[in-house]
Structures are given as C-alpha cells and as structure tokens.
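The block underneath contains the structure these notes are about, expressed in structure tokens.
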Amino acid sequence: MAGRSGALQMWVADMELPCFPEMQSAIESRAQHATFGYTIQPGVVWEGVRQWLAVRQGYGAAEVPPAAAFVFSASVVTSFSCVLRGLTREGDGVLVMTPLYAPLQRTVIGTGRRLVDLRLGDVGSSVKFGLGDGFPGSINALTSQLAARLDEDGGVRVMLLCSPHNPSGRVWRRHELVAIAEVCAARKVLVVADEIWADWVLDKDLVPFTPFAPVAAAAGCAHIILGAPTKTFSLAGLHASYLIVPDSDLRKQYLAYVEPAFLTFGSIFATVALSTCYVDSPSAAARWLEGARAHVAGNVRRLRELLEQHACGRVVALPLEATHLVWLDCSSALKALRIEPAELTTRLLDAGLVLSPGSEFEGPSGGAAHFQRINVACPRKMVEEAARRLCQVVAFPK
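Here the sequence shown stands for residues 1 to 398, where the numbers follow UniProt numbering.
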C-alpha cells in the first residue's frame, strides 16, 4: 500500500517508535567487528528466553519448556510454513479462526494445504469477539462450533491459534484455551500457537496472557509454540524468532525438514538481537516495553476520544486488550454513506490515510469487510492526524 504523497502509513504492524537504546548500541558495536561469518545461537540465548517466559509471559517455573525444545527460525511465518511442509501432507486441512493475519492464511494455501476456516462471528451471538469476555454465558459455543468444524471436515491435521489474536487485539481466556486444547486433543489435531504478540498485552492485571503450552500439556494436546522478539521490540527487519517444540518426536520430524536447508541458525545480527533482549539487557528491554505499552494505551484512548467526538458514531474502535493494532468497526459509516467497503478504503487513500481493510483478514467465509485496522504504535500527533482524516471521510454527509 502507498496512497498519495504525504499519506499516513498506518497499515503495517511496525512501530514508528525507536527501539530501546541498548539494542542500537549492541548492533552498532557488533558492526564495528569487521568479520561477518557463520553464526549460531548459543545455548545461553535459549536460557534467557526461558527466563523471560517465566517472568513476563505467565509460565510457572516448572512449566517452562527445556532449552532443547527451542529451535531458531527467521520469522513466525517461516516457522509456520516449515511446520506445515515438514509435519503434514499436501491436501491436509489446516483450521484457522478468521478474521486472521493474511500471510498466515496465504501460507496454508501456498504450501498446498487446505484452508479450513471457522469464522469467529459464527461461534454464536455470545462470542462478541474483541468486545470483552468473549463467552460470558458459556464456553459451549466455542467448544461445539470448533468440534463441529473439525468433525465436518475430518481431514484437519493442524489448527493455527493466534494468541493474542490479530487483528482484533483480543486475549484468549484460560477457559477458552482449555476448551481448544481438549477438543483438538480428542481429535489428534496439532495446535500451532502463534504467540508473537504475547508481550503486548496492555493490562495484564485486567486481562492476563495465558501461554498455551502448559494448557495443552495438561490436556494431552500436541502443540508447537511460535514466538519472537520482533513484534515486542519492533525488530522484524532482523529476522529473529523461535519455535518451541516440546515433543521430541515432533521436533526430530521438524528438524529433518529444516536442517538440510540450513534454516535453524540466523545471521550475526539476529543473534545479537536475541542476546540483547534476553541475555545482556532484559531489564532495559522490559522497561522500554512498559513505556511503549503505556504510550500505545494513551494513543488508543486518544483515538477513541476523537472518534467519539467527530465520527458521528460511524466508526467504533473495539476495545484493545493486546497488540498495538486497533480494529475499527466501520459498518455504520458504510450504511450512512451508502458505499461498499472497497469505496471506503479508496476514500481513505484519497484523504491520505492508509489502513488495512478488513477484507484482507477474511477467510473464505468472509465477514470482516466492514472493518479497518489501524496501527497506533507511533507519535501521538500522528494518531490525532489520522483520526482527523478518518473523521473527515466518514462524518460527511451527516
């Protein structure tokens, strides 16, 4: 996406905020050493990640996977692609819950697997996905619909769980994760949990993040966890991530696919990034993250204020529990302006505002075209100007 000259690029999930200074210093320091040969991730890196998971992501001391379970990968999407290619066959079904980050859906199709979608809006009127507790009356809606979708297809071998969820920014509750694990365990479905946004839960006292691995282990559910420092600290360009594969047989099968392609070690700067985050400067990284989350929470409040004041009730920012990506319900604007979602996207582009249209996150069953996603990990003035341009588009004619 581009838009006109001077357009605000608020579609991609990258921060317009500088990384923590210790990371920049570490990269610059390593660049001064003028040899850039082969490198591997030393074991101390995975011990650092294990400590981070215990302190920052809700693992109990006895629940943290052993260092041997960690495998380097360039990115979460790379990991997911390799899991599908290494552990499943062409034609196997992969269940995803939509709306969902589009590259993950494209990975399923691109690897020759079948995309089987469970649209979260179809889980029942109680779901209200992205609007609070999700299943306030009963977990039966999630359990029954997930089980029915798996049973209906019969050929699903993998379920992808995006936790926290992108694009809605919702945090899965423990009882929901237990239900998912139990349903999948009963059907021998491998759950791949993308937890790249785990560090971006905005208020852990209000809605804590629950790691899937301990829940899955208790339910006897086969699982692989995908994680990375890239969303946490805005390091996507350094290509550093990891998988956690606790089951040794699954890990051997995965490694048999990726090791011949030399995909299990990263660049020098990927190693520096991992070491800086988790070994050399984890306290500084954590302090920076706390400040970044507080700044984003303030941006969300400001965006909501401006929409309430100037959007004539036509755009609603759904409550954001995690990520720095706000899911905007534009259904009232579409109705008031009597336009289709694609036309709204065009008008926003003409106004110099580039967002991610909801249609990009839809699965085959649709259902998200009336949304737009906006990235608010940026200076406050950028959020205010984006809100002004958005309201200018949707508020007229009144």
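The C-beta atom is built at its ideal place from N, Cα and C for all residues, glycine as well.
Delimiting residues of the beta strand (DSSP E) encompassing residue i
i	result
Ser332	That residue, Ser332, is in no beta strand (DSSP E); its alpha helix (DSSP H) goes 331 to 337.
Thr98	93 to 98
Ile244	241 to 244
Phe269	Here Phe269 belongs to no beta strand (DSSP E); instead the alpha helix (DSSP H) covers 268 to 275.
Gln32	Element bounds for Gln32: n/a, residue is neither H nor E.
Arg149	That residue, Arg149, is in no beta strand (DSSP E); its alpha helix (DSSP H) goes 140 to 153.
Val12	Taken as a continuous stretch (DSSP letters only), Val12 belongs to no beta strand (DSSP E), as it is neither H nor E.
Arg314	Counting along the chain, Arg314 falls outside any beta strand (DSSP E), and DSSP gives it neither H nor E.
Arg106	That residue, Arg106, is in no beta strand (DSSP E); its alpha helix (DSSP H) goes 102 to 110.
Arg347	Note, Arg347: premise wrong, no beta strand (DSSP E); alpha helix (DSSP H) at 341 to 350.
Residue i: first and last residue of the uninterrupted alpha helix (DSSP H) it sits in
i	result
Val192	No alpha helix (DSSP H) holds Val192; the beta strand (DSSP E) holding it covers 190 to 194.
Phe80	76 to 87
Leu289	282 to 310
Leu53	43 to 56
Asp249	248 to 258
Leu115	No alpha helix (DSSP H) holds Leu115; the beta strand (DSSP E) holding it covers 114 to 119.
Arg380	380 to 394
Of the listed residues the options, nearest to residue i (C-alpha basis)
i	options	result
Arg380	Arg301, Pro103, Ala61, Cys277	Arg301
Ser267	His33, Pro21, Gly6, Gly37	Gly37
Met382	Ala368, Leu303, Ser359, Ile339	Leu303
His310	Arg389, Ala148, Arg30, Ala218	Arg389
Leu120	Gly110, Leu146, Ser5, Ala377	Leu146
Ala292	Asp329, Val96, Gly48, Leu202	Leu202
Leu337	Val156, Val315, His324	Val315
Glu343	Gln372, Gly366, Trp327	Gln372
Leu348	Thr210, Ile374, Gly367	Ile374
Tyr254	Ser79, Trp46, Ala74	Ser79
Val45	Phe212, Phe72, Ser234	Phe72
Gly43	Gln32, Arg187, Val279, Ser81	Val279
Phe70	Ala386, Ile339, Val183, Ala240	Ala240
Arg174	Thr210, Ala141, Val296, Ser144	Thr210
Gln41	Thr264, Ser356, Pro246	Thr264
Glu152	Arg187, Val171, Asn140, Thr111	Arg187
Ser283	Thr88, Leu142, Arg56	Arg56
Arg170	Val376, Lys335, Ala386, Val326	Val326
Ala322	Phe269, Asn166, Ile224, Asp329	Asn166
For residue j and residue i, the rounded distance between their alpha carbons
i	j	result
Ser126	Ala68	Low per-residue confidence applies at Ser126: pLDDT is 34, beneath 50, and the placement is therefore not dependable enough to give any value.
Ala185	Val215	11 angstroms
Phe396	Pro341	16 angstroms
Phe135	Arg251	Annotation note: pLDDT 41 at Phe135 (below 50); position unreliable, no value reported.
His370	Gly358	6 angstroms
Ser331	Asn299	23 angstroms
Leu8	Leu353	5 angstroms
Gly130	Pro319	With a pLDDT of 39 at Gly130, under the threshold of 50, the modelled position of this residue cannot be trusted; read the value that follows with caution. Each residue's alpha carbon lies about 7 angstroms from the other.
Cys312	Arg85	49 angstroms
Thr271	Ser168	31 angstroms
Arg50	Val64	6 angstroms
Pro18	Glu290	14 angstroms
Ser248	Ala222	11 angstroms
Lys204	Cys391	31 angstroms
His324	Gly48	25 angstroms
Val258	Leu104	19 angstroms
Asp133	Leu177	Because Asp133 carries a pLDDT of 43, less than 50, the predicted location of this residue cannot be relied on, and no value is offered for it.
Val94	Gln32	45 angstroms
Ala34	Pro229	26 angstroms
Thr111	Leu206	39 angstroms
Ala62	Trp197	23 angstroms
Ala294	Leu87	40 angstroms
Ser5	Ala351	10 angstroms
Trp288	Phe262	33 angstroms
Contact check, residue i vs residue j, beta carbons under 9 angstroms
i	j	result
Glu22	Thr345	no
Ala26	Ala333	no
Pro164	Glu362	no
Glu384	Leu306	yes
Asp194	Leu238	no
Val192	Val83	yes
Ala118	Arg149	Contrary to the premise, residue 118 reads as Leu rather than Ala in this sequence. Cβ distance < 9 angstroms, so Leu118 and Arg149 count as in contact.
Ala378	Met97	A small fix is needed here, since residue 378 is Cys in this sequence, not Ala. The answer is no: Cβ separation not under 9 angstroms.
Leu243	Gly227	yes
Asp92	Arg114	yes
Ala179	Leu235	no
Ser356	Val76	no
Could you tell me which uninterrupted beta strand (DSSP E) segments, each at least 3 residues in length, are contained entirely in the segment 155 to 237, listed from first to last along the chain? 156 to 162, 190 to 194, 223 to 227
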